[in-house]
Amino acid sequence: MPDGKYPSTPRVDAWDKVRGAAIYAADDARPRMLHGALAVAAVNRGQIVSLDVERARAAPGVRLVLTHQDMQGVQSAGFLLGGGFAFQSFQPMLSPAIHYRGQPIALVVADTVEAAQHAASLVAATYAVEPFQLSLDAPAQDIVAQHGSPLPQATYADKVAGDADGAYAAAAVKVDATYLSPPQHPNPLELLSTVAEWRDGTLIVKEGSQNSGAVRHGLARQLGLDPARVQVLSPQAGGAFGQKNSHQSHTVLAAVAARRLDAPVKLVVSRSQGFHGASFRPASRHRVRLGADRAGRIAAAIHEADQQTSRHDLFPASFTEMTARLYGIRNFRGHERMVRTDVQTPGYMRAPFEHPAGFAFESAMDELAYALDMDPVALRLANDTTVDPLTGRPLSSRHLAECLRRGAERFGWARRSMAPASMVERDGTAIGWGVACGAHKAAASPAAARLEAFADGRIRLAVAGHEMGQGIRTALANVLARRLSVDPRTIEIIVGDTRAADQHLTAGSWGTASATPAADAAGERLIQALRSLDPGYSGGAPAEVLRRAGRASVAVEVATKAPGQPDAVFQRLQGGLPAVQGPEFPDFVSMSYAAHFAEVRVEPRTRRVRVPRIVTVVDCGRVVSPRTAESQVRGAAIWGLGSALREISETDGRYGGFVNADLAEYVVPVHADVPEIDVGFIDEPDPRLNALGVKGLGEVAMTGVAAALANAVHHATGLRIRELPIRLDQLLAAPAARPT
Ligand code: MOS
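Here my numbering = 1-based position in the sequence shown + 912.
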């Protein structure tokens, strides 16, 4: 049985990526390719009264203009959380209804992208407008508690352990604070893009996605096709981050146009249209109450949160699924509500709930540390647990205390002075050191894999999974290479291709923990198959065995699932539906953990915040690809920094929509903002979640980073900023921030 830490191997697709040989959907350039461009709604809510497309149709190079009057027979693909496949139940262009500014109202297809974009600008609409509202301060009838709602209550009911309200009332030391997290957009470098074409009645779609299975089945439902007649190819996504985790609104438009024109149609949604064309991280507001004894044992936590949803769907939050489990707090009450607003349905964006919840809860923990006059690391260590507070089940593994201890050591935490504004450079620069933790469910989904070895030396693995840049190909190659005792670079990995294997959603940090056990099991099955040809085979290149046996190839298939899942989950996998399990399993609960330490430097006059260093130590079980795992954690630290100090999608209460809808105005960290990032892993396998001991990494690595930075800003300045992003105006407005 292969065991031990994995070596830091290079990315198996690095060479392809730097040469431009990694092919993304919009890279498909062929002589007969036609190009689409969208015209979008200029009002936030109402009805189209008139739509004039004559000038667009007459423009040079235009082949087709589609509006809601041309979409007969097309249906919604259904909402992901309602048995469907799309990020929202509402499919634009099936009626004159406008639900949000920026919603597509026409698709223009032309010989060139320039001609299509020009013609799209000539589409003219008039509207009957209706009032709308965008803020969390909505009338009571627009607020829906998750508890008691039609949503699955096993997941979305209040999270209750013990008697939190009673224990809070009786606590000696209390914190009661409210934190705000803004809407944000993930902005993957690869824009939302689709190439659709029809061959002999089969629809072939190329689209960067985390969920090619849902794109396939969503299109089949929308167009009334047998899913066998839909193929979706997503070998690479140029970043996805949750934006691409379900069926998109633009895809069917390209498919309908390609069918009308009997030619491949490429539709790239522009950067600014993407702000309204796909899901986003909704605004949320969190009230956190913590009650502790004077020694720092937390007796009670109450976490109540409101999150923005759309008017047409209920998009629920899972903030307290994480905060209930971060520490061993015996009395916990979590309550979440959804606030209807007039936007496209929000959705998942990296650590969708854990990041805002982590900012709120871990800021409150810092406030409690100061209320107790207790070191913030010591407070966290004093509230560790080995048992899940909500279910009483054991945690499959938890090394959060070790993350804190190692992180503190690497950071030099012992040299920190407790008092705010007590570490000052000679030029008046205020130094702040902050700590915060994160947790994230360690989930897993079923996966199907087909592994084939050829006499010419090739080895090919096809498996459920998607490569969004996180490095799943490298993780799969490492695991399989160890199992077969071959070089990882000799293995071809096929992911995100519905022709090669049924595809499940790759999200929620469960991709590696789902796909690598399938690859490992397939490797084991292949060894057995090779042994039946050569009883002496004990690993190494399969080609030798095949040649001696006179065989051109040998293939094996396996299907794996999460602990405790029934065999019926394989039908959901085949049907393109979510089939994930976690954090709760029949006999245990599984979470990944991280501890973050951050330094900020606050300039004395402008209050500009710079971040020179971040230390993150992660417990994600066994690390099967150290190189790409470190890269994930660096990206998460940078994203946490962006979220703490830069990112916000600004809404306009008068006209609706997101107004800073491009990368000039939606501010993300640039190179000069990026600190030294020191990454550590516990690298202890989780003994129960899967045979390899892998837990999730991509999102836990970001959870808590923003709180570590906000806590560092407080330590530097004495100012507690409870609203993200932290901006100069907040630091300058407070009298305490003025240099003395
Ligand atoms: Mo995601 S935010 O794991 O699709």
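Ideal placement from N, C-alpha and C gives every residue a C-beta, glycine not left out.
Quick caveat, the model's predicted, so the values are computed rather than measured.
- Shown here, residue 1404 sits in a strand according to DSSP, grouped into three states.
- Beta-bridge analysis with DSSP links residue 1243 to 1212.
- When beta bridges are read from the DSSP output, residue 1143 appears opposite 1116.
- Beta-bridge partners of residue 1352 (DSSP): 1504.
- For the segment 1146-1213, the continuous beta strand (DSSP E) assignments of 3+ residues that do not extend past its boundaries occur at 1177-1180, 1196-1204, in sequence order.
- Residue 996 and residue 930 have their C-alpha atoms some 37 Å from each other.
- Runs of the alpha helix (DSSP H) lying entirely within the segment 1049-1102 and spanning at least 4 residues, in chain order: 1065-1068, 1076-1082.
- One alpha carbon belongs to residue 1436, the other to residue 1459, and they sit about 20 Å apart.
- Going by DSSP, residue 964 is part of no alpha helix (DSSP H) but of the beta strand (DSSP E) stretching over 958-964.
- Along the length of the segment 1394-1478, whole beta strand (DSSP E) runs at least 3 residues long occupy 1403-1406, 1465-1472, reported in chain order.
- Here residue 990 is near residue 1133, since their CB atoms are less than 8 Å apart.
- The beta-carbon distance between residue 1388 and residue 1418, rounded to whole angstroms, is 12 Å. This is too long to meet the 8 Å contact definition.
- At least 8 Å separates the beta-carbon of residue 1105 from that of residue 1125.
- By the C-beta criterion, the segment 1337-1357 is judged not to be in contact with the segment 1085-1098, since fewer than 3 inter-stretch pairs fall below 8 Å.
- With 16 or more other Cβ atoms from the protein chains shown falling within 10 Å of its own Cβ, residue 1017 counts as buried.
- Taking residue 1359 as reference, the option from 1258, 1209, 1645, 1424 with the minimal CA-CA separation is 1424.
- When the alpha-carbon of residue 974 is set against those of 1176, 987, 953, 1021, the nearest one is in 1021.
- A Cβ-Cβ distance of about 6 Å is found for the pair residue 1164 and residue 1131, placing them in contact under the 8 Å criterion.
- With a contact defined as Cβ atoms closer than 8 Å, residue 1591 and residue 1546 qualify at about 7 Å.
- According to the DSSP assignment, residue 1282 belongs to the alpha helix (DSSP H) that extends over 1266-1284.
- The nearest non-hydrogen atom of the ligand MOS is 7 Å or more from the C-beta of residue 1401.
- When the five nearest sequence neighbours on each side are left out, the beta carbons in the same chain lying within less than 6 Å of the beta carbon of residue 1199 are those of 1090, 1216, in order along the chain.
- At least one heavy atom of the ligand MOS sits closer than 7 Å to the Cβ of residue 1262.
- Contact check for residue 971 and residue 1027: beta-carbon distance about 7 Å, within the 8 Å limit, so the pair qualifies.
- A residue is called buried when at least 16 other Cβ atoms come within 10 angstroms of its Cβ; residue 1177 meets this threshold and is buried.
- Looking at 1101, 1329, 1237, 1612, the one whose alpha-carbon comes closest to that of residue 1303 is 1237.
- Residue range 1617-1629 is occupied by the alpha helix (DSSP H) that includes residue 1629.
- The beta carbon of residue 1313 is closer than 6 Å to those of 1293, 1296 in its chain, skipping five residues each way along the sequence.
- Remark: C-beta atoms of residue 1185 and residue 1157 do not approach each other more closely than 8 Å.
- With at least 16 other beta carbons inside 10 angstroms of its own, residue 936 counts as buried.
- Using a Cβ distance threshold of 8 Å, residue 1115 and residue 1167 count as a contacting pair.
- The beta carbon of residue 1050 sits closer than 6 Å to the beta carbons of 1251 from its chain, once the five residues preceding and following it are set aside; these are given in chain order.
- Distance from the C-beta of residue 1096 to the nearest heavy atom of the ligand MOS is not below 7 Å.
- Take the alpha-carbon of residue 1301 and the one of residue 1291: they are about 18 Å apart.
- If you compare the alpha carbons of 1278, 1204, 1608, 1626 with that of residue 1242, the shortest gap goes to 1204.
- In this structure, the straight-line span from the alpha carbon of residue 1403 to that of residue 1573 is close to 41 Å.
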